[in-house]
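Asker: Have a look at the structure that comes next, please.
Laid out in structure tokens, this is it:
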């Protein structure tokens, strides 16, 4: 959507696979492509929707090209599963080196997380997991090459979080982060025992004591 009340807006939305290379996705009214471009009238909007026709699950992420996208462009992504459940997530407009994400794996609930490195260089991510009392449950170190994407189920990737709730602190090193425009993007997803899900936003920490 164009948030400006005075000027038209242009956008270039680029899609990448987990390996960081451009990835083709199938879109309604557009076809199969890794880049979607367009213009938006003053106060206008556009819906870009995948066909959902692929037989195999395809993973990746998307980013607006900052050189060819007007800064008044905003919006959100909507995730839908086969049960008809949806979760909406606002687009990231700024990125911090440090973020905190809450998780809850109690009472049959499950937590997942997706990470994308939009930085120009390889990034090292130090993850520290704490329970509700602030006691450290465990730690991990994740290395992500430039423009790559990965996702995990908490209890599978980090068994010490099974049946627990708490927070995970993601601290990045080797990040470029000019004007907080590039770096680590984080999205959490929380699932109920019945299969419904919702998104969980990571809180940005500009400094960690």
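Numbering (our numbering), first residue to last: 6 to 214. Ideal Cβ positions, reconstructed from N, Cα and C, are used throughout, including at glycine.
(1) What does the Cβ neighbour count give for residue 207, buried or exposed, with the cut at 16 atoms within 10 Å?
(2) Buried or exposed: which applies to residue 71, given that a residue is buried once 16 or more other Cβ atoms fall within 10 Å of its Cβ?
(3) Compare the Cα-Cα distances from residue 18 to each of 24, 53, 166 and report the closest residue.
(4) Contact check, residue 89 vs residue 198 under 8 Å by CB: the rounded distance?
(5) Within its chain, find whatever has a CB closer than 8 Å to the CB of residue 23; leave out the 5 residues flanking it on each side and keep chain order.
(6) Grouping DSSP H, G and I as helix and E and B as strand, with all else coil, what is residue 27?
(7) Between the C-alpha atoms of residue 205 and residue 107, what's the straight-line distance to the nearest angstrom?
(8) Just to confirm the assignment: which complete beta strand (DSSP E) runs, minimum length 3, are found wholly within the region 129-182?
(9) Based on Cα-Cα distance, which residue from 145, 87, 116 lies nearest to residue 174?
(10) Taking the beta carbon of residue 83 as the centre, do at least 16 other beta carbons fall within 10 Å, making it buried, or is it exposed?
(11) Which two residues bound the contiguous beta strand (DSSP E) that contains residue 116?
(12) Just confirm the distance between the C-beta atoms of residue 47 and residue 9, as a whole number of angstroms; I'd bet it's less than 8 Å.
(13) What residues in its chain sit with their C-beta under 7 Å from that of residue 15, if we drop five residues either side in the sequence?
(14) Residues in the same chain with beta-carbon distance under 6 Å from residue 67, minus the five sequence neighbours each way, listed in chain order, please.
(15) Please look up how many angstroms separate the CB atoms of residue 130 and residue 141, rounded, as I've assumed it's under 8 Å.
(16) Please classify residue 98 as buried or exposed, where buried requires at least 16 neighbouring CB atoms within 10 angstroms.
(17) So, does the CB of residue 36 fall closer than 8 Å to a CB anywhere in chain C?
(18) Please return the same chain residues whose Cβ sits closer than 8 Å to the Cβ of residue 96, not counting the five positions on each side in sequence.
(19) From what residue to what residue does the beta strand (DSSP E) around residue 91 run?
(20) Determine which residues share a DSSP beta bridge with residue 42 and list them.
(21) Tell me the rounded alpha-carbon separation between residue 188 and residue 102.
Answerer: So, from the listed chains and residues:
(1) Counted from its first residue, the chain shown places residue 207 at position 202. Counting other Cβ atoms within 10 Å of its Cβ, residue 207 reaches 16 or more and is therefore classed as buried.
(2) Here the question's residue 71 lines up with position 66 in the chain shown. Exposed, by the Cβ-count rule.
(3) As a working mapping, residue 18 is identified with position 13 in the chain shown. With distances taken between Cα atoms, residue 18 lies closest to 53.
(4) Locating residue 89 in the chain shown gives position 84, counting from the first residue. Locating residue 198 in the chain shown gives position 193, counting from the first residue. That belief does not hold up - the Cβ atoms of residue 89 and residue 198 are roughly 17 Å apart, past 8 Å.
(5) Working through the chain shown from its first residue, we reach residue 23 at position 18. Cβ within range, chain order: 64, 65, 153, 154, 155.
(6) For the purposes of this step, residue 27 is taken as residue 22 along the chain shown, with counting starting at 1. DSSP places residue 27 in strand when its eight states are reduced to three.
(7) Looking up residue 205 in the chain shown gives position 200. Looking up residue 107 in the chain shown gives position 102. Take the alpha-carbon of residue 205 and the one of residue 107: they are about 8 Å apart.
(8) Taking 3 residues as the minimum length, the beta strand (DSSP E) runs contained wholly in the region 129-182 are 141-149, 154-158, 170-178, in order along the chain.
(9) Numbered from its first residue, the chain shown carries residue 174 at position 169. If we check each option's Cα against that of residue 174, 145 comes out closest.
(10) Residue mapping note: residue 83 aligns to position 78 of the chain shown, counting from 1. With fewer than 16 other Cβ atoms within 10 Å, it is exposed.
(11) Residue 116 sits at position 111 when you count from the first residue of the chain shown. 115-122 is the span of the beta strand (DSSP E), which, as asked, contains residue 116.
(12) Sequence index remark: in the chain shown, residue 47 carries index 42 (1-based). Sequence index remark: in the chain shown, residue 9 carries index 4 (1-based). Contact flag correct, Cβ pair sits at about 6 Å.
(13) On the chain shown, position 10 is the one that residue 15 refers to. For residue 15, where only same-chain residues beyond five positions count, the Cβ hits under 7 Å are 44, 73, 74, 75.
(14) Translated into positions along the chain shown, residue 67 becomes position 62. Sequence-distant Cβ neighbours of residue 67 in its own chain, meaning closer than 6 Å and more than five residues away, are 18, 20.
(15) The count along the chain shown starts at 1 and reaches residue 130 at position 125. The count along the chain shown starts at 1 and reaches residue 141 at position 136. About 17 Å separates the two Cβ atoms, so there is no contact after all.
(16) As a first step, residue 98 is located in the chain shown; it is residue number 93 there, counting from the start. Residue 98 should be labelled exposed.
(17) Among the chains of the structure shown, chain C does not appear; only one protein chain is present.
(18) Stepping through the chain shown from its first residue, residue 96 is reached at position 91. Answer for residue 96: 69, 79, 80, 81, 82, listed in chain order.
(19) Against the chain shown, residue 91 aligns to sequence position 86. Taken as a continuous stretch (DSSP letters only), the beta strand (DSSP E) holding residue 91 covers 91-95.
(20) Locating residue 42 in the chain shown gives position 37, counting from the first residue. Answer is 17.
(21) One-based indexing of the chain shown puts residue 188 at position 183. One-based indexing of the chain shown puts residue 102 at position 97. The C-alpha of residue 102 is placed about 7 Å away from the C-alpha of residue 188.
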